[in-house]
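I have placed the structure first, in the form of structure tokens, so that the comments after it can refer back to it.
Below you can see the structure in the form of structure tokens.
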């Protein structure tokens, strides 16, 4: 049994990791912590966990975390992770970091997250934890930069056809819609029920901090500079991201069937991507509470419309983190997730 | 034109008062303030008001408020109102206070709101602003203690039949369900969308701070001590309170028709209470965005079930406050409200 | 492997049974049917099931169902079940009926469901499938009348203290709040999003068809006639029932701690009931997507307030049905459910 | 007083028209009808209208409607309007048709609405009722084809800059998100709360019936053939449409400020379009229950992102219909709407 821990166990993502790990057959949860007033069983904090996992959620103590675990999940705010990652790596622990701290080059990080990167030593060794693209590197990784929720939904929607060199890479539109838990569990008027319910808004229009992450990975795949137009929207629901991607085709012979074929080939053998048949598109409830990314494609004239759905807390965060752990530890990739 | 102002204009209640006043023909809004970072037009803060009312929302300044207004609405948190009410009264201004500061005897206030009352001088002159019960006193009042949302929905549901001395007053059950804006616009994890949506809870079970207010008014009406059993519940919607009241009948001859008759008589001539015919019950959408309190009644065996609905921001707060202003100023009671 | 089938597999309850059975280790799903236009894989109807269970959902054919299964779940509308139950029993199949057809005496059935009972022969052999009360009878049963969702939440909330003979049984108030899926998947304007969202209503006030079912079981437990006052309310959320029960105490010495003790004793060893400690009450999200019934209790003066929460599709329907199957077949009671 | 009537008064749009007309000072509602079981006061059907308008809602009778009114609103399903419009026009009544029946050329209509057009005589005289574009023609019109909700939000978002000839008109992306009432009040499983809540989907991807309507008007404005890429999405909320439009700029010198200037100029003097200042974008709640269309614009690189918000029942249907009536009848354009 691999001993695992979660730091930041009381956020939406942390809670979800704990829930998955509680049912995982190859690991034992030996440490949980969060910034809390009172140490108490995690199942007192989240009564839904009662009977399933009842260990104490502690106040954060990196040394204790290091001693008690072989692998640690960091479900922490940006800027906090990079303070403690080095300690775990030095102690030869595996780390899966769900913050943005290890996803970007330090120059870009500084621009988008407003702070100097404090762990330039380990930044280059971090592997971007998108298993459908970087499976081999994840296998060998000691530090995973777990992808953001929007990037997961958008990169998976574009990668197969970007690879085909079929599209005009200078004009990629990603219009994303997300449930509210994507913003984390926090006290914020803008996230309060009275503001979000019966309302709909675009926000950070083409200036969301996930944009450089999307650009970086797509550029790496395309082997040329990609700059997507990316508008996120906040939807009055808890969970789910649906991204509608508009791609201008270069290859005008490609029809819907060809495109679907390309997607199926690209994701052949990937257990968590499901490509829909012609004429069908996923809805977020098709993936709710699962680690799947479901994708539908339609070619119309010179445009391909791609719709991808994920559960932002699962494939968009906690589920993908466990998928990465499974690969790193040599477990079945789907263990605990299906 | 009466000059009116709102202190606390950016909360849900304050915003609603501003919206109503903007369309009110007998008053002119001459002052708005709130605890804000930057003074700007209220219509920049709430774009929906654009073109309808565009005056600047200032940082709070009691002296300016006093100079510029004849009547002031205080949409402030508890404990804050009582600090500034004396200044307005001294200057001969009319005050409608939407906090709980002037609703209870100071001993009871201390128990439920955890602070000494700081304005015992004016506390006795405050009139409880429930126009269906205290119309005459409101007419003469200089200081209104505007009722809480739950008390409004519960007192109006019970008063007609309490008056009839028809029920066992020792066992009154009020099971209330409220939308989220009743808790105010504030940063609070418990009010965030992710916690409230797809969830339902009872809270402060029989220990909500509105309980002594309900007891006080019902006791005054019944001329004996009343102690209701009161459980509020938080419902995933923005607006609306539905209270389901269970009353044990003493008068076993009373049937549904008799009860409805009693309610209709009690509220005859009251423009904002609508009694439903036999077999029909109100829903919160019947009163959404209105100042109505709709009531349905059913007698079954020895029990009367009364369902009352209000919009918590209207009849439960801002609408009732304007109704009180109309009565105090000699305007038509419905001006600006229908 | 026990061969099981589901008739009515495309309703909310049927879908949920299929989902649970797909992950159940002791059974094999060998038959699914529903009134559908086109026979296709259940995972085409519900894409979320893709990869988990892909067998064809057929148009209904009782003979085929009988041949292919050892045990059948009937997730059918009232009045339909009683037409086909006899055929399965005659063929020595086990039946778990989720409709109301076998829950009431035929006289009472006729009054509340508006039809003569057509299977009086088997009606008396049906066992009411509430395992926390009737575990032994369920073990021997061939036909289960799976309880209604409201009755499950209310009976479990009252039984422990009804047993203690501690309360005035003539005045029991059950105020229930339910998510919308409790009404089934159907085309009905009253259930449409535009009518339900941002709205709240009481309905069938003290005349809901679950009332005789609640009365029947509570009367059996108390060994005297019980007539609850029961008001259901429709809440704008998908899943969850919260029942707030008000009981008048006879035993005035009982305090909250005593009451909680009584509940804990009553449900000792029952895997799906969790009693909350003093001062805590369950919320529906604590039981969402689980088979738990969570209960909180408070004694205040001469009244006990009991709050119970279930997921209406799980403990209120599909989960409880599988729990019954587990008991009937000698499996672990929690198999497939935790 | 102009005598007005509404046929189809019980749908979402019809109800909204009635609500607006009830407060309109220049007209008198003299006729309401709908396909209903029982003729009763409209305020019994919609209790929220009680006291505001209480006339009987009749079963449909074209002759009675003709006799009693000077101007009629048809809030009917497609294909029904064209059966009765000729009768009203023949009797010299003014007609505002909210269906799609008079919005398209008959050839196009047949393709998208699956039926031959039955009133080719009047089809050419219908005026497309988008006052910000066709004010003068509306003034003289006897028959208004009231625009669809999506087209209103999209055309208003594009027209100012299409006019400037600033964009690549061959690649216009309109990604729209709509609340559920846009689909009308009807019994349909796909619109039921359980299907829509906590879910998000694209639907009719680039094949929604509003696409030819958008294309027709944009083509007329641009004086060249326009074919937008249009994907509508269903959002779990009652009211509101937000359209995010992506335009590829030809004029690379235009920055955000220039674009906003162009929008402000285009809509100068139009009372119901509000252009947001640089850096701000509208949310649907900014226009909820109003007839406004709020628009925000951002230029980034060679792309303009335009976000427009309307209330689908107001500016997207009933409000715009009344705005058209105001113009046709020579009333103040905003009468009853502000």
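Residue numbers (the working numbering), protein chains in the order written: chain A, 45 to 382; chain B, 45 to 382; chain C, 45 to 382; chain D, 45 to 382.
C-beta: ideal position from N, C-alpha, C; glycine also.
Using the C-alpha atoms, what's the distance from residue 380 of chain D back to residue 67 of chain D?
-> If I take the Cα positions, the gap works out to 6 Å.
Residue 199 of chain C - containing alpha helix (DSSP H), residue span = Going by DSSP, residue 199 of chain C is part of the alpha helix (DSSP H) stretching over 193 to 207.
Where residue 376 of chain D and residue 332 of chain C are concerned, what is the direct C-alpha to C-alpha distance, given to the nearest angstrom?
-> Cα to Cα, residue 376 of chain D sits roughly 53 Å from residue 332 of chain C.
Cut-off 7 Å between Cβ atoms - residues of its own chain near residue 153 of chain D, not counting five sequence neighbours on either side = Within the same chain, residue 153 of chain D has close Cβ partners 161.
Of the residues B:207, B:240 and B:283, which one's Cα is nearest the Cα of residue 270 of chain B?
-> Nearest option by C-alpha distance: B:207.
Where residue 284 of chain B meets chain C, residues with beta-carbon distance less than 8 Å | Neighbourhood of residue 284 of chain B in chain C, by CB distance below 8 Å: 242, 243 and 244, in chain order.
Considering only residues of the region 310 to 367 of chain C, which uninterrupted beta strand (DSSP E) runs meet the minimum length of 3 residues and lie entirely inside it, listed in chain order?
-> The region 310 to 367 of chain C contains these whole beta strand (DSSP E) runs: 317 to 319, 337 to 344 and 347 to 354.
Closer than 7 Å, CB to CB, is residue 57 of chain D near chain C or not?
-> No, residue 57 of chain D lies away from the interface with chain C (no Cβ there is under 7 Å from its Cβ).
Tell me, please, which residues DSSP counts as bridged to residue 172 of chain A.
-> For residue 172 of chain A, the beta-bridge partners assigned by DSSP are A:189.
What residues match up with residue 49 of chain D in a beta bridge as DSSP calls it?
-> The bridge partners DSSP lists for residue 49 of chain D are D:75 and D:116.
Report the residues of the region 206 to 218 of chain A with a CB closer than 9 Å to any CB of chain C, ordered along the chain.
-> Under the 9 Å Cβ criterion, the region 206 to 218 of chain A contributes no residue.
Can the beta-carbon of residue 241 of chain B be found closer than 7 Å to that of residue 276 of chain B?
-> For residue 241 of chain B and residue 276 of chain B, no; Cβs fall outside 7 Å.
Answer yes or no: does any C-beta atom of chain B fall closer than 7 Å to that of residue 281 of chain C?
-> The beta carbon of residue 281 of chain C sits closer than 7 Å to some beta carbon of chain B.
Starting from the beta carbon of residue 254 of chain A, find every residue of chain D whose beta carbon is closer than 7 Å, and list them in chain order.
-> What residue 254 of chain A touches in chain D: nothing, since even the nearest Cβ is about 16 Å away.
Looking only at C-alpha atoms, which of D:306, D:272 and D:58 sits nearest to residue 363 of chain D?
-> When D:306, D:272 and D:58 are compared, the shortest CA-CA separation from residue 363 of chain D is found for D:58.
Among C:136, C:139, C:134 and C:168, nearest to residue 150 of chain C - alpha-carbon criterion = Ranking the options by Cα distance to residue 150 of chain C, first place goes to C:168.
Take the Cβ of residue 369 of chain A as the centre, count every other Cβ of all protein chains shown within 10 Å, and call the residue buried at 16 or more, exposed below.
-> Buried: at least 16 other Cβ atoms inside 10 Å.
Chain C contact residues for residue 238 of chain D, given Cβ-Cβ distances below 7 Å = Going along chain C in sequence order, the residues near residue 238 of chain D (Cβ under 7 Å) are 56, 224, 225, 229 and 282.
If you follow the beta strand (DSSP E) that residue 290 of chain C is part of, which residue opens it and which one closes it?
-> Its beta strand (DSSP E) spans residues 285 to 292.
Bridge partner(s) assigned by DSSP for residue 277 of chain A = The partner list for residue 277 of chain A (beta bridge, DSSP) reads A:221 and A:246.
Interface residues of the region 135 to 160 of chain D facing chain C [CB-CB below 7 Å] | Listed by position, the residues of the region 135 to 160 of chain D near chain C (Cβ gap below 7 Å) amount to none.
For chain C, find out if any of its Cβ atoms is closer than 7 Å to the Cβ of residue 334 of chain B; answer yes or no.
-> Not closer than 7 Å to any Cβ of chain C, the Cβ of residue 334 of chain B fails to qualify, so no.
Going along the chain, which residues of its own chain have a beta-carbon closer than 7 Å to the beta-carbon of residue 131 of chain D, five neighbours each way excluded?
-> The answer, listed in chain order, is 106 and 110.
Please classify residue 296 of chain A: is it buried, with 16 or more other beta-carbons within 10 angstroms of its beta-carbon, or exposed?
-> Residue burial annotation: residue 296 of chain A is exposed, with fewer than 16 other C-beta atoms found within 10 angstroms of its C-beta.
Endpoints, the alpha helix (DSSP H) within which residue 137 of chain A is located | If you look at residue 137 of chain A, you'll find it isn't in any alpha helix (DSSP H); DSSP assigns it neither H nor E.
Residues of chain C with a CB under 8 Å from the CB of residue 235 of chain D: which are they?
-> Residues of chain C passing the Cβ test: 236, 237 and 238.
Alpha carbon to alpha carbon, how far is residue 215 of chain B from residue 320 of chain D? Give it in angstroms, no decimals.
-> One C-alpha to the other measures close to 56 Å.
Is the Cβ of residue 259 of chain C closer than 7 Å to any Cβ of chain B?
-> No, no contact with chain B.
Does DSSP put residue 236 of chain B in a helix, a strand or coil?
-> Residue state for residue 236 of chain B is assigned as strand, using DSSP reduced to three classes.
Indicate whether at least one CB of chain E lies closer than 7 Å to the CB of residue 91 of chain A.
-> Chain labels in this structure do not include chain E; the protein chains are A, B, C and D.
Which residues of chain A have a Cβ atom closer than 9 Å to the Cβ of residue 320 of chain D, listed in chain order?
-> Per Cβ cutoff of 9 Å: no residues; residue 320 of chain D is ~12 Å from chain A at best.
Residue 373 of chain D by DSSP, collapsed to three states: which one?
-> Residue 373 of chain D falls in the helix class under three-state DSSP.
With contact counted as at least three CB pairs below 8 Å, one residue from each stretch, are the region 254 to 262 of chain A and the region 195 to 202 of chain A in contact?
-> Yes: the two stretches touch, three or more of their Cβ pairs being nearer than 8 Å.
DSSP puts residue 84 of chain D in a beta bridge; with which residues?
-> Partner(s): D:101.
Buried/exposed call for residue 73 of chain B, threshold 16 Cβ in 10 Å = Burial of residue 73 of chain B is indicated by the presence of at least 16 other C-beta atoms within 10 angstroms of its C-beta.
If you measure from the beta carbon of residue 132 of chain B to each beta carbon in chain C, is any gap under 7 Å?
-> With 7 Å as the cut-off, residue 132 of chain B does not count as an interface residue toward chain C.
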